[in-house]
Amino acid sequence: MDQIVETSDFPPGVRGGDAIIICGLGNVGRQCAALLKEFGAYVVGVDISAQECAETGSFDEIILGDGSRAEVLKKAGAEQCRAILLVTTDERSNIAAAFAARLLNQKVRLVIRSAQEQLNRLLGEQLGNLVAFEPHEFSARAFAVASLADATKARFDLEGSTIRVVTHIAAQGDWSVGRTPSELNSLRQRMVGHVSQGQTLGDLFALTSSGARVQAGDELTFIDCGEGLKDARTAHPAGTKRRRLDCRALVRQARDTLRAAPKAAFASLAIVVGMAALGVLLYRWENPDIGWFDAFNVSTVLAVGGFDNVFGSLKAPFPISPGLYVYSLLMKISSAIFLGIVFATMTERVLGARFQIAARRPPAPVEGHTIIVGMGPIGQNVASLLQRWGRPAVGVSPQPVAEDILRGVPMLSGPIADALQQANIAGARSVVVVGDDQVANLETTLLAHSLNPRCALVFRVADRELATSVAALVPESFGISESEIAAQAITGAAFDETILTAFHLPGRSILVTEYRVVPGDTLIDRQLAHLAYGYGAIPVFHERGPAGQLNPSDDVRLEAGDKVVVLATVDALRRIERGELAAPQWRLVIDSCPSSDAAFEAGNAIGRIAGCDLALARKALAGRPGALEAPVYRQQGLRLVRELGRIKVGARLEQG
Numbered sequence: 001m002d003q004i005v006e007t008s009d010f011p012p013g014v015r016g017g018d019a020i021i022i023c024g025l026g027n028v029g030r031q032c033a034a035l036l037k038e039f040g041a042y043v044v045g046v047d048i049s050a051q052e053c054a055e056t057g058s059f060d061e062i063i064l065g066d067g068s069r070a071e072v073l074k075k076a077g078a079e080q081c082r083a084i085l086l087v088t089t090d091e092r093s094n095i096a097a098a099f100a101a102r103l104l105n106q107k108v109r110l111v112i113r114s115a116q117e118q119l120n121r122l123l124g125e126q127l128g129n130l131v132a133f134e135p136h137e138f139s140a141r142a143f144a145v146a147s148l149a150d151a152t153k154a155r156f157d158l159e160g161s162t163i164r165v166v167t168h169i170a171a172q173g174d175w176s177v178g179r180t181p182s183e184l185n186s187l188r189q190r191m192v193g194h195v196s197q198g199q200t201l202g203d204l205f206a207l208t209s210s211g212a213r214v215q216a217g218d219e220l221t222f223i224d225c226g227e228g229l230k231d232a233r234t235a236h237p238a239g240t241k242r243r244r245l246d247c248r249a250l251v252r253q254a255r256d257t258l259r260a261a262p263k264a265a266f267a268s269l270a271i272v273v274g275m276a277a278l279g280v281l282l283y284r285w286e287n288p289d290i291g292w293f294d295a296f297n298v299s300t301v302l303a304v305g306g307f308d309n310v311f312g313s314l315k316a317p318f319p320i321s322p323g324l325y326v327y328s329l330l331m332k333i334s335s336a337i338f339l340g341i342v343f344a345t346m347t348e349r350v351l352g353a354r355f356q357i358a359a360r361r362p363p364a365p366v367e368g369h370t371i372i373v374g375m376g377p378i379g380q381n382v383a384s385l386l387q388r389w390g391r392p393a394v395g396v397s398p399q400p401v402a403e404d405i406l407r408g409v410p411m412l413s414g415p416i417a418d419a420l421q422q423a424n425i426a427g428a429r430s431v432v433v434v435g436d437d438q439v440a441n442l443e444t445t446l447l448a449h450s451l452n453p454r455c456a457l458v459f460r461v462a463d464r465e466l467a468t469s470v471a472a473l474v475p476e477s478f479g480i481s482e483s484e485i486a487a488q489a490i491t492g493a494a495f496d497e498t499i500l501t502a503f504h505l506p507g508r509s510i511l512v513t514e515y516r517v518v519p520g521d522t523l524i525d526r527q528l529a530h531l532a533y534g535y536g537a538i539p540v541f542h543e544r545g546p547a548g549q550l551n552p553s554d555d556v557r558l559e560a561g562d563k564v565v566v567l568a569t570v571d572a573l574r575r576i577e578r579g580e581l582a583a584p585q586w587r588l589v590i591d592s593c594p595s596s597d598a599a600f601e602a603g604n605a606i607g608r609i610a611g612c613d614l615a616l617a618r619k620a621l622a623g624r625p626g627a628l629e630a631p632v633y634r635q636q637g638l639r640l641v642r643e644l645g646r647i648k649v650g651a652r653l654e655q656g
């Protein structure tokens, strides 16, 4: 930080279009500033707290004051700047600042921190050029994916399909061994990383590639675009087991209910049944002419209060002694008293069950589930995602959770140690700790590790160094900072990009970014290969008009009106923003061509894949050996060599 000032007249050489204002200098604001400096932006901070300002170091200027007031924003240069990031923890202040900023600058890009989805949509319609974010929403997906504890490193929904980033350890004799990573690309999957013997041989996010063949034990990372969205009720086989466990729980619950029933009800029922049985014997003994069924019928009618049905007429239907008549009257009185007690108890139980039906939650699964500790906004979002993906989960909270929150998810409350035991932590697949207290999160993480050393541990942390230290000492543990992920998404949005979601890979955050190609855009007439290998932004979807394609071909040339969705780091977005396209460093050399027909077909393939003029392709094929004058990226060259080899044209790559 250079200085704290009262007004912001940008220094000579700093254009307003390069300046970005950040209102709110908390964790998110400070991390946004650090990232924006990497973009080369001139960053002005605004905060009402001098203490917050004293802790910052990535700002060119600091304005002390309330960012929701127009005069403060004007001092910060809101009338000239490119974007304003409103990232305080007070949503009302952010919204007020958005209106004030729009009055000062009709074109400025507004990025607001707000969790009010409906209000955010209305603000976007009213103010224009506004995008809203909530850090919890972005980090929840990272926590949910990490909790899967499998080969899936990222997962998000796009155009009706689920896109996954998956790692695969090559085994002897499987589909990948002996082939180059580029040969493993298909309509469904795209290779983006190759690690062999602990060394990174290829990483498209870092603009590196390798033609080395896959060996047993190598780790491959690829994007899988082939999984359709599934109903959470049928997506995971654990659902069947959970339903079976639910049936057993219902039986246990019924047994417990009977045990808990009042003893007076059982005693009353026993008295009524006993008197009815004695009545059957007395009526049959006194009137041998009637059968057992008739005796049973008369006694039952009397036992349920039907005295007038039997003796309502002036003359009894059968001979009866005074003693039996008195006993019948006693049965009538007893049934009114004791059956009343039984019916009252049954009514109480039925009504109690009626009011509890909506609130009843399923029991905790026995094994293979995820335990989520901390049911705040992040925990609820994580549980919702896992529920949607069909993954069994259990929520744990020190305080009771409202019954209308995530009804289908088991919830346990109370002391964390006891709740973890009740959640069957011994059989849990993973534990996600997302409380608000960093120290308490660490304590819970260590407690969970002691109870189940085999389960994966994912914990919320603000200090990246602490997360790294814990992960080094506690196996299968992984710390995630929601402010770090959100800051990268907000930073990307500041440059007019649409950030759909974000996820975390080891050592970096990846932004799922949507680009709309407009007339005059620097991306026009660029191949998707330039996005992938020149900028490090991996295309996963391309749309032109009504037609869209997942995992599109590198050969597609972008036109005005196209939409393309890419996976990119903040550094890749910065390169696209600045137009810093990495130049191709390889050239294709043609050694042999068997015939003119093969040369014609080879020329078309070179022009399509390399994106060069057909005349250059024909010229390279005319003389052998002949080099293609248009340089290519290594990934393009490897594909070209492979394609030309299929038509018997000998080709190779040379660097330089």
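Residues 1 to 656 (our numbering) make up the sequence shown, in order. Glycine included, C-beta positions come from ideal geometry on N, C-alpha and C. Computed from a prediction, not measured in an experiment: that's the story for all the values here.
Nonlocal neighbours in the same chain, by C-beta distance under 8 Å from residue i, ignoring five residues either side
i    : result
T240 : Bear in mind that the predicted position of T240 carries a pLDDT of just 36, short of 50, making it unreliable; the figure below should be weighed with that in mind. Taken in chain order, the list of residues that qualify is empty.
V72  : V46, I63, G65 and D66
S182 : M191, S209, G211, Q635, L638, R639 and R642
F156 : R141, T162, I163, L500, T501, F503 and V512
L385 : A140, R141 and A144
A627 : R587, L588, V589, I590, A620 and E654
Three-way DSSP call (helix, strand, coil) for residue i in this model
i    : result
A651 : strand
I357 : Note that I357 has pLDDT 48, beneath the 50 cutoff, so the model's placement of it is unreliable and no number is given.
V46  : strand
T498 : strand
P539 : strand
E38  : helix
V195 : strand
L103 : helix
E137 : helix
C81  : coil
T240 : Residue placement at T240 is poorly supported in this model, since its pLDDT is 36, which falls under 50; the coordinates are not used for a value here.
G412 : It is Leu, not Gly, that sits at residue 412 in the sequence shown. In this structure, L412 counts as strand in the three-state DSSP scheme.
E403 : coil
V517 : coil
R642 : helix
Q387 : helix
G395 : strand
R233 : The pLDDT assigned to R233 is 32, lower than 50, so where the model puts this residue is not dependable, and the model offers no usable value.
L187 : coil
V366 : coil
V111 : strand
V512 : strand
Close beta carbons around residue i, own chain, < 7 Å, minus the five adjacent residues each side
i    : result
L130 : A98, L110, I112, L123 and G124
A487 : V28, Q31, C32 and L35
Q399 : S413
A76  : S8, I21, V44, V46 and I63
A216 : A170, A171, Q172 and V177
S334 : I271, V272 and M275
Beta-carbon proximity list for residue i, same chain, < 6 Å, skipping 5 on both sides
i    : result
A456 : A149, S430 and E476
Y515 : V564
N551 : R190 and C225
P237 : Residue placement at P237 is poorly supported in this model, since its pLDDT is 39, which falls under 50; the coordinates still yield a value, given next. Excluding positions up to five away in sequence, the list is empty.
F495 : E577
S147 : T370, S430, V432 and V458
Distance between beta carbons of residue j and residue i, contact taken as under 8 Å
i    : j    : result
V166 : F222 : 6 Å
L420 : I378 : No, L420 and I378 are not in contact; Cβ-Cβ is about 18 Å, not under 8 Å.
D218 : V195 : 7 Å
A364 : A448 : The pair is not a contact, with the Cβ atoms about 15 Å apart (cut-off 8 Å).
V517 : A583 : Not a contact, Cβ separation roughly 22 Å.
Chain C contact for residue i (CB, 9 Å cutoff)
i   : result
C32 : Given the protein chain composition of this structure (a single chain), no chain C is represented.
Problem set entry | Inside the stretch 454–480 only - beta strand (DSSP E) runs reaching at least 3 residues | 456–460 and 477–480
Exercise. Which runs of the beta strand (DSSP E), 3 residues or longer, sit entirely within the stretch 553–597?
Worked result: 563–568 and 586–592
Exercise. For the stretch 456–476 against the stretch 115–122, are there 3 or more C-beta pairs whose distance is under 8 Å?
Worked result: Taking a contact to require three or more Cβ pairs closer than 8 Å, the stretch 456–476 and the stretch 115–122 do not qualify as touching.
Problem set entry | contact_flag[the stretch 505–525, the stretch 557–575] where n(CB pairs < 8 Å) is 3 or more | yes
For this session: Would you check if there are 3 or more beta carbon pairs closer than 8 Å linking the stretch 614–624 to the stretch 633–642?
Result: no
Exercise. Is it a yes or a no for the stretch 170–182 touching the stretch 534–553, going by three-plus beta-carbon pairs under 8 Å?
Worked result: no
For this session: Please list the segments of the alpha helix (DSSP H) lying wholly inside the stretch 134–184, counting only runs of 4 or more residues, in order along the chain.
Result: Entirely contained in the stretch 134–184, the alpha helix (DSSP H) runs reaching 4 residues are, in chain order, 135–147.
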